[in-house]
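A.B. asks:
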Amino acid sequence: MVSRVYRESDMTEISATPLEKFEKICGYNTLLMSRPDLHALLLSHVPSEKILMGKKVVSLEQDADRVTIQCGDNSTYHGDLVIGSDGAYSAVRSSLYKQLAKDGLLPVEDMEQLKVCHMSILGTTTALDPKMYKNIDHVESQCDAVIGDNKPHTWRYFSVPGDRICWRVDMQVQHNSSDYSGKAISSVDWGTELSDTVSENWRSFKVPLGGTIGDLINSTPDNAVSKVALEEKLYKTWHHGRVVLIGDAAHKMLPNSGRGAVNAMLDAVVLANTLYEMPDTKLESITSALAEYYEERYDHAVADLVSSQHMARLLAGQTWLDRLARMVIFNLLPDFVQTKIYGKSLGYRPQLSFLPQVPSRGSEPVLPQKPSAKYERQQQAAAL
């Protein structure tokens, strides 16, 4: 599989990255699937009784013994810990920060809004005709991006199983963009009144595998199209008392390097490991576990936020500095330097410490992981 970047004016290929190099570095292949398919797969492994639908967290309160959340339907739930994994506009974070600000414990930077960098429309098509779209039925995915000429747009797509295409169009925002934040907060998308206008403006964008973005939009059900603001922000406060944040609720990254979702998974793994080691659910034990989670994850999140910023400028930036960076990275950066960068990123892959470990393969070493003394004791006891 090769990831290619094209210039819009003449559809000239300006970069080609064989993803096989990732496999050589980390020892595992790159697999692509649509977000709805991934969501359905994960959901299928969660017992239905553990999922409550139609609930919206509106507030939370905590003390030394427990934490309580109140939902919009006036229902309340009590527990030892609340994990806020509810996205960039997290209700859990909002409620926690409100109390911390009242107590004078919230850093100034955590009071600032997310920075909106791009406005985007994206979706996944239904099954397409392989005769109309070259290589769409191949086992290897077609991964292309096109950088617009004299316009703030970049568009990209990935072919996924079922002869479908996941596509996205980004429009770079050239200012602080606080005006857009209200729309992002009030709705997952920009509002249905903008749908037709946005789609129409971008329909003529050509795609290397055939046709236009408009053709892909026409092949995508309305309920499979999302209109979103792409923001970024790294929060300093990830936990307090019996409340902890993970994923976009703690660190919102631009999607160009694919590290946002990866970091959410890494958060979940590391947090699960620290919670597993707790001797009890007393506040002191929870505080210690959450502090350990933060200590391991924060610096890695900072590095990946910077990486996502660089990748966004490389693949979607439209300033002269962005164009200069593309020329240098795509044409002048030695391959061994790129390999070193990939290796550093792929070398950090913590695993759940209470399960059998996935073997380490590939050319680059994996960063060592703290073993679980509790798991080792359990394994030894089971062997007796």
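Read left to right, the sequence shown gives residues 1 to 384 (full-length UniProt numbering). Every residue gets a Cβ at the ideal spot worked out from N, C-alpha and C, and that includes glycine. Note that the structure is predicted; figures quoted are calculated from it, not measured.
So is Pro350 buried or exposed if we call it buried at 16+ other beta carbons inside 10 Å?
C.D. replies: Buried: at least 16 other Cβ atoms inside 10 Å.
A.B. asks: Any idea if Lys252 is buried or exposed, counting beta-carbon neighbours within 10 angstroms, 16 or more meaning buried?
C.D. replies: Buried: at least 16 other Cβ atoms inside 10 Å.
A.B. asks: Report the rounded CA-to-CA distance for Asp248 versus Leu384, giving the unit in angstroms.
C.D. replies: Taking the straight line from one Cα to the other gives about 44 Å.
A.B. asks: Which of helix, strand or coil does DSSP assign to Phe205?
C.D. replies: Note: Phe205 maps to coil in three-state DSSP.
A.B. asks: Report the three-state DSSP secondary structure of Lys151 (helix, strand or coil).
C.D. replies: Of the three classes helix, strand and coil, the one that applies to Lys151 here is coil, per DSSP.
A.B. asks: Can you grab the Cα-Cα spacing for the pair Ser15 / Val328, in whole Å?
C.D. replies: Looking at the two C-alpha atoms, the distance is approximately 11 Å.
A.B. asks: Could you check the C-alpha separation between Leu194 and Val228 for me, to the nearest Å?
C.D. replies: Residue confidence for Leu194 is low, a pLDDT of 43 falling below 50, so the modelled location carries little weight; the figure read from the coordinates is stated next. For Leu194 and Val228, the distance between alpha carbons rounds to 11 Å.
A.B. asks: What separation, rounded to the nearest whole angstrom, lies between the Cα atoms of Ser59 and Gln357?
C.D. replies: Using only the alpha carbons, I get a separation of about 39 Å.
A.B. asks: Take every Cβ of the segment 211-227, pair it with every Cβ of the segment 151-169, and state whether three or more of those distances are shorter than 8 Å.
C.D. replies: Counting Cβ pairs under 8 Å, three or more are found: they touch.
A.B. asks: Following the continuous alpha helix (DSSP H) through Tyr298, name the residue where it begins and the one where it ends.
C.D. replies: Looking at the DSSP string, the run of the alpha helix (DSSP H) that includes Tyr298 is Leu283 to Ala316.
A.B. asks: Kindly indicate which three-state DSSP category Ile217 falls into: helix, strand or coil?
C.D. replies: Correct three-state label for Ile217: helix.
A.B. asks: Starting from the C-beta of Ser256, find all residues in its chain whose C-beta is less than 7 Å away, skip the five residues before and the five after it, and write them out in chain order.
C.D. replies: Checking the sequence shown, residue 256 turns out to be Asn, not Ser. Once the five neighbours on either side are set aside, the close Cβ partners of Asn256 are Ser308, Met311, Ala312, Leu315 and Ala316.
A.B. asks: Residue range of the beta strand (DSSP E) that Met119 falls in?
C.D. replies: Counting along the chain, the beta strand (DSSP E) containing Met119 begins and ends at Lys115 to Thr124.
A.B. asks: Determine whether the beta carbon atoms of Val160 and Asp37 lie at a separation below 9 Å.
C.D. replies: Closer than 9 Å, so yes.
A.B. asks: Suppose only complete runs of 3+ residues qualify. What are the beta strand (DSSP E) ranges in the segment 4-37, listed by chain order?
C.D. replies: Listed in chain order, they are 12-18.
A.B. asks: For Leu384, which of helix, strand or coil comes out of DSSP?
C.D. replies: Coil at Leu384, not helix or strand.
A.B. asks: Determine the DSSP secondary structure at Phe354, reduced to helix, strand or coil.
C.D. replies: Note: Phe354 maps to coil in three-state DSSP.
A.B. asks: Among the candidates Ile121, Ala381, Lys50 and Glu13, whose CA atom is the shortest distance from the CA of Thr220?
C.D. replies: The residue with the shortest Cα to Cα distance from Thr220 is Ile121.
A.B. asks: Can you grab the Cα-Cα spacing for the pair Gln172 / His153, in whole Å?
C.D. replies: So the two alpha carbons sit approximately 6 Å from each other.
A.B. asks: For Thr30, collect the residues of the same chain with a Cβ closer than 8 Å to its Cβ; drop the 5 residues on either side in sequence, then sort them by chain order.
C.D. replies: So the list reads Met1, Leu19, Phe22 and Glu23, once near-sequence residues are dropped.
A.B. asks: Give a yes or no on contact between the segment 85-95 and the segment 240-247, applying the rule of three or more CB pairs nearer than 8 Å.
C.D. replies: Yes, the segment 85-95 touches the segment 240-247.
A.B. asks: May I have the straight-line CA-CA distance separating Glu8 from Gly148, to the nearest angstrom?
C.D. replies: About 5 Å.
A.B. asks: Could you check the C-alpha separation between Leu266 and Ala272 for me, to the nearest Å?
C.D. replies: Each residue's alpha carbon lies about 10 Å from the other.
A.B. asks: Cutting at 6 Å between CB atoms, please list the residues of its own chain near Arg4, excluding the five before and the five after it.
C.D. replies: Within the same chain, Arg4 has close Cβ partners Glu13, Ala16 and Asp144.
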